[in-house]
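Enquirer: Under my numbering, the sequence shown is numbered contiguously, ending at residue 293.
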Amino acid sequence: MKHGVAFRKFSRTSSHRMLMLRNLVSSLLQHEQIKTTLPKAKDTARLAEKIITLGKQGDLHAFKRSKQFLLLPQLTPKVFTTLAQRYADRPGGYTRIHKFGRRKGDNAPHAILELVDNPRDLRFEMTARAVGWDLLSKRLGEGGPRELAKTGVKDVEDVVKHERKSEATGWNGELRPMTRWSLKKVLRFRGPDGVSELVKKAEDHLDTLLAKPVAAQKPKDALEKASEQTEETPYASLKSMRLRAGQTVPGGIRSALNLAQGDLANTWVPASRQRYLERRKLGIDKTSLWESP
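#1: Take Ser-11 and list the residues in its own chain whose beta-carbon comes closer than 8 angstroms to its own, dropping the five residues that flank it on each side.
#2: To which residues of the same chain is Leu-113 closer than 7 angstroms at the C-beta, ignoring the five residues directly before and after it?
#3: Output the distance between the C-alpha atoms of Ala-150 and Gly-58, rounded to the nearest integer angstrom.
#4: Residues in its own chain within less than 6 angstroms of Met-18 by CB, not counting five upstream and five downstream?
#5: Enumerate, from N- to C-terminal direction, the unbroken alpha helix (DSSP H) stretches of 4 or more residues contained entirely within the stretch 157-216.
#6: Among the candidates Ala-202, Arg-164, Val-131, Gly-191, whose CA atom is the shortest distance from the CA of Arg-375?
#7: Taking DSSP's pairing of strands, which residues face Leu-115 in a bridge?
#8: Within 8 angstroms, do at least three Cβ pairs link the stretch 97-106 to the stretch 197-212?
#9: Check the DSSP bridge columns for His-61 and list the partner residues they point to.
#10: For Asp-158, verify whether its CB is less than 8 angstroms away from any heavy atom of the ligand PLP.
#11: Can you have a look at Asp-121 and say buried or exposed, based on whether 16 or more other CB atoms are within 10 angstroms of its CB?
#12: Relative to the alpha-carbon of Val-186, which residue among Pro-213, Val-79, Val-131, Gln-217 has its alpha-carbon at the smallest distance?
#13: Please go through the same chain and pick out, in chain order, the residues whose beta-carbon is closer than 7 angstroms to the beta-carbon of Lys-67, but skip the five residues on each side of it.
#14: Hey, Ser-26 and Leu-70 are a contact pair by Cβ (cut 8 angstroms); roughly how many whole angstroms apart?
#15: Taking the Cβ atom as the reference point for each residue, do Arg-139 and Val-153 lie within a distance shorter than 9 angstroms?
#16: Could you check if Pro-145 is buried or exposed, using at least 16 other CB atoms within 10 Å of its CB as the buried criterion?
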């Protein structure tokens, strides 16, 4: 029968296991974002949420229990001031786990454990980028990319405020359904500055998406011209400008699978052969929207 095996043992004694978890919780509260194995992250998150709950209680008994558990004494005031104020209106769920593939070497499942609404919140960053991508794709369908490259997208803040309060379901809005759901979730307990921070990140990502095809076109044209004239050129190396396998620019019509064909295999190329001179595409999406007039 299954008795006395409620939690993970981690192949350690009870004292060693608890010391390891105390160390992980202390590191999480100090840096607010750590990377460890997935099983350790799950147990660390459970204990970290208990410590933050003690900080929200704010009494002397909770202060003593928190101070006894944490390995760094200077973290206790942070729990009872900064974190308690940040999560005052949040009923629970102060941590978030992002799966991070497999660790090189032992192939252990990796994960990123972070505190919700921390200054480097991954979900907040990815949601802002998704908002920028959705708005740019929407505007590209309404007008040409050259006009957008000159004027940009001006109504990002209005769209974010409208979608945050919108009760629309499905595709009846400016954003995709999952992006709208993530937007409401990350801004629910973010605070008064959450909207402005998300709009700033979305606008920065919009500018990057608009500038990338334009910046990649000039070295591409210069390299093609230099290959015809067989002269030296400062644009000879496009390694940093090439798109990743399966990556496309806004307005691209080719699927990610089609773009990634031939790039996902580990093919051996002799050192004497220069790969970027063999491929005419050079990682740039051959879409008519971005061709020079």
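A virtual CB, placed ideally from N, CA and C, is assigned to each residue, including glycine.
Expert: So, from the listed chains and residues:
#1: none
#2: Leu-28, Ile-34, Thr-36, Ala-41, Thr-44, Ala-45, Thr-95, Ile-97
#3: The question names Ala, but residue 150 in the sequence shown is Lys. Answer to the nearest angstrom: the Cα atoms are 53 angstroms apart.
#4: none
#5: As far as the stretch 157-216 is concerned, its whole alpha helix (DSSP H) runs of at least 4 residues are 177-187.
#6: Any answer about residue 375 is impossible in this case: the structure gives the chain only from 1 up to 293.
#7: For Leu-115, the beta-bridge partners assigned by DSSP are Thr-95.
#8: no
#9: His-61 pairs with nothing; no bridge assigned.
#10: Questions concerning the ligand PLP fall outside what the structure shown contains, since it holds no ligand whatsoever.
#11: Buried: at least 16 other Cβ atoms inside 10 Å.
#12: Val-131
#13: Pro-73, Thr-76
#14: 5 angstroms
#15: For Arg-139 and Val-153, yes; Cβs fall inside 9 angstroms.
#16: buried
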